[in-house]
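A.B. asks:
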Amino acid sequence: MKINILHAGYCTAPEHIAIHGGRWRKIHFPAMFALIRHPRFGAMLFDTGYSHRFFDETKKIPARFYRWVTPVTLREEELAVNQLSTFNLKPSDISHIFISHFHADHITALGDFPRARFVYMPHAFSTLRNQTPLEDVRHAFLRGLIPADFDSRSQTVNMSAPIFLSEEYAPFKTGYDLLGDESIIGVELPGHAHGQMGLFVRDESGKLFFLVADAAWLKQSIVENRPPHPITNLLFPEPETYRGTLSDLHTHHLTHPKTIIVPSHCEETIRALL
Ligand SMILES: [Zn+2]
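For the sequence shown, my numbering begins at 1 and goes up steadily by one.
1. Going by CA-CA distance only, name the one from 1, 21, 2, 26 that's closest to residue 267.
2. Please name the residue or residues paired with residue 177 in a DSSP beta bridge.
3. Could you have a look at residue 26 and say whether DSSP puts it in helix, strand or coil?
4. What residue from 2, 36, 13, 62 has the CA that sits closest to residue 132's CA?
5. Name the one or two DSSP bridge partners that residue 37 has.
6. How is residue 313 classed by DSSP in three states: helix, strand or coil?
7. Buried or exposed: where does residue 212 fall if 16 or more other Cβ atoms within 10 Å of its Cβ makes it buried?
8. Closer than 5 Å from C-beta to any heavy atom of ligand 1: which residues, in chain order?
9. With the cut-off set at 8 Å, would you say residue 53 and residue 111 are in Cβ contact?
10. Can you name the start and end residues of the alpha helix (DSSP H) that residue 153 belongs to?
11. Per DSSP, what kind of secondary structure is residue 260 in: helix, strand or coil?
12. Is residue 7 helix, strand or coil by DSSP?
13. Who are the near neighbours of residue 144 in its chain, counting only those whose CB is closer than 6 Å to its CB and skipping five residues on each side?
14. Just to confirm my understanding: we take residue 97, look at its own chain, exclude 5 residues before and 5 after, and list those with CB closer than 8 Å. What are they?
15. Can you give the Cα-Cα distance for residue 217 and residue 141, rounded to whole angstroms?
16. Counting along the chain, where does the beta strand (DSSP E) carrying residue 329 start and finish?
17. Below 8 Å, can you find three or more Cβ-Cβ pairs linking the segment 91 to 107 to the segment 190 to 198?
18. Have a look at the DSSP bridge pairing and note the partners of residue 208.
Structure, rendered in structure tokens:
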């Protein structure tokens with residue numbers, strides 16, 4: 001498999017929110033997505049980054065609040081659909097999109113890929129389905145980003161059939177074989193959002209990537225086992241669980257230093273992989 005770590009747009013926020021004890025200055029949080037090219041299943045994405053739909057969906061209050069808290073910059077050429085041409089791909093070539101969780105910066109471009117199957121943990125979406133508009137804002141969920149045919153194209157992870165993971169993935173013990181050939185393994189990374197899913201994927205040169213979405217905002221958090229500012233407890237559905245997930249990532253980092261851990265918004269990590 002070929003794996004490319006890309007991003008579409010970024011938002012800014014103070015560093016000390018993202019990591020406890022961080023600096024007060026504002027830093028960039030790129031909205032990462034990954035292109036995964038599989039010899040049999042073709043081209044697939046992990047998340048999508050921002051698209052212009054983000055601005056359409058945040059024009060009015062209360063969703064406008066989202067833009068005030070995290071101002072977004074997006075250049076046309078960064079859109080996932082536009083970056084595909086670099087790889088000789090069209091939007092209709094994308095066979096699957098693995099959705100880590102349903103925060104706007106991960107799903108705004110879902111509607112740009114007409115043939116993709118949407119793969120995600122069932123409770124990542126079922127908990128959002130019947131929320132009120134105000135709860136949507138609280139959970140950073142922009143309902144208008146969900147394509148009209150979303151349900152018919154969804155292929156939720158079968159959580160009744162976990163696989164047991166070898167020591168290579170420790171301390172993560174169970175995962176989900178997302179394509180049936182053990183090439184892409186989904187792992188639940190709870191705490192930041194219900195049913196958040198990370199991926200273990202290996203490229204053709206044997207490098208193991210661990211795409212961990214928002215289980216940590218910065219690689220430094222994983223290296224130092226240092227959580228975000230306590231104020232973020234108000235944003236996370238399960239702050240205690242978030243800490244447990246972060247410390248599992250820290251353990252994996254210490255015991256498996258060769259794994260390339262990719263938090264979705266860590267500029268340093270994403271730049272290094274470009
Ligand atoms: Zn998120």
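Idealized CB from N, CA, C, for every residue including glycine.
C.D. replies: Let's see:
1. For this step, residue 267 is matched to residue 267 along the sequence shown. Residue 267 has its Cα closest to that of 26, out of 1, 21, 2, 26.
2. As a working mapping, residue 177 is identified with position 177 in the sequence shown. Its beta-bridge partners are 185.
3. Position 26 of the sequence shown, counted from the start, is the residue given in the question as residue 26. Residue state, collapsed to three classes: strand.
4. The residue given as residue 132 occupies position 132 in the sequence shown. Out of 2, 36, 13, 62, 62 has the C-alpha closest to the C-alpha of residue 132.
5. To locate residue 37, count along the sequence shown from 1; it is residue 37. In the DSSP assignment, residue 37 is bridged to 2, 43.
6. Any answer about residue 313 is impossible in this case: the structure gives the chain only from 1 up to 274.
7. On the sequence shown, position 212 is the one that residue 212 refers to. So residue 212 counts as buried.
8. Having a Cβ closer than 5 Å to some heavy atom of ligand 1 are 103, 214.
9. Stepping through the sequence shown from its first residue, residue 53 is reached at position 53. Stepping through the sequence shown from its first residue, residue 111 is reached at position 111. Yes; because the gap between Cβ atoms is below 8 Å, this pair is in contact.
10. Here residue 153 corresponds to residue number 153 of the sequence shown, with the count starting at 1. 150 to 153 is the extent of the alpha helix (DSSP H) around residue 153.
11. Stepping through the sequence shown from its first residue, residue 260 is reached at position 260. In the structure shown, the three-state DSSP call for residue 260 is strand.
12. Your numbering for residue 7 matches position 7 in the sequence shown. In this structure, residue 7 counts as strand in the three-state DSSP scheme.
13. On the sequence shown, residue 144 is found 144 positions in, with the first residue counted as 1. These residues qualify, in order along the chain: 57.
14. For this step, residue 97 is matched to residue 97 along the sequence shown. So the qualifying residues of the chain are 44, 45, 46, 47, 48, 110, 113, 116, 117, 118, 119.
15. On the sequence shown, position 217 is the one that residue 217 refers to. On the sequence shown, position 141 is the one that residue 141 refers to. Residue 217 and residue 141 have their C-alpha atoms spaced approximately 18 Å apart.
16. Only positions 1 to 274 of the chain appear in the structure, and residue 329 is not among them; the question remains open.
17. yes
18. Position 208 of the sequence shown, counting from 1, holds the residue named residue 208. According to DSSP, residue 208 bridges with 202.
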